[in-house]
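J.: Position 52, counted from 1, in the sequence shown is what the numbering used here calls 52; the numbers after and before it change by one each time, with no gaps.
Idealized CB from N, CA, C, for every residue including glycine.
One structure coming up, written as structure tokens, with questions to follow.
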Amino acid sequence: MPVPIASTVIYLNAARIESILMEHPKVAEVAAVGTPHAIKGQCLYLFVVPTENAQPSKALYQELSQWVRERIGPVAKPDDIQWTQELPKTRSGKVMRRILRKIAARHYQDLGDTSTLADPSVVADMIETREKGNIN
């Protein structure tokens, strides 16, 4: 079931946003989550795994934002993109979205059960990136 992201009074479908971004030639994987925002209620936060030939940059952030904006509308423009080498997945390959939501909201102490992760080091790397502010 698609997870809606409430942004102001508009509900965005995370699966739709991910689907649009997966069409971009510089995106290998993507996960969209909502994170708290003081004015909007929630904002769109993306975790993006770029393809091998793409370098994370402000220019790529703007390119992906424009890509979404043109296909869905200005309301779907991501507020933040966190570049990552891999998404946290279970051994069966399912993306652990609850962990992504916690990382986006900076609730690191409450990640819950991580014993089913295929590679727990991915989460540590993502938290480190989030804390360093290496996002666009």
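1. Beta strand (DSSP E) containing Ala31: first to last residue?
2. Taking the Cβ atom as the reference point for each residue, do His24 and Trp67 lie within a distance shorter than 7 angstroms?
3. Look up Pro74 in the DSSP assignment and say whether it is helix, strand or coil.
4. Provide the residue span of the beta strand (DSSP E) that contains Ile81, from first to last.
5. Whose C-beta lies closer than 6 angstroms to the C-beta of Ala31 among residues of the same chain, with five residues either side of it excluded?
6. Suppose you measure from the CA of Ile17 to the CA of Ala76; what does that come to, to the nearest Å?
7. So, for Ala105: in the same chain, excluding its five sequence neighbours on each side, which residues have a beta-carbon less than 7 angstroms away from its beta-carbon?
8. Which residues share a DSSP beta bridge with Gly41?
9. Do Lys26 and Ala54 have their beta-carbon atoms positioned less than 7 angstroms apart in this structure?
10. If I follow the unbroken alpha helix (DSSP H) through Glu52, where does it start and stop?
T.: Taking the definition as stated:
1. 27 to 37
2. yes
3. helix
4. 80 to 83
5. Around Ala31: Phe47, Leu87, Val95, Leu100.
6. 8 angstroms
7. Thr35, Pro36
8. His37
9. yes
10. No alpha helix (DSSP H) holds Glu52; DSSP gives it neither H nor E.
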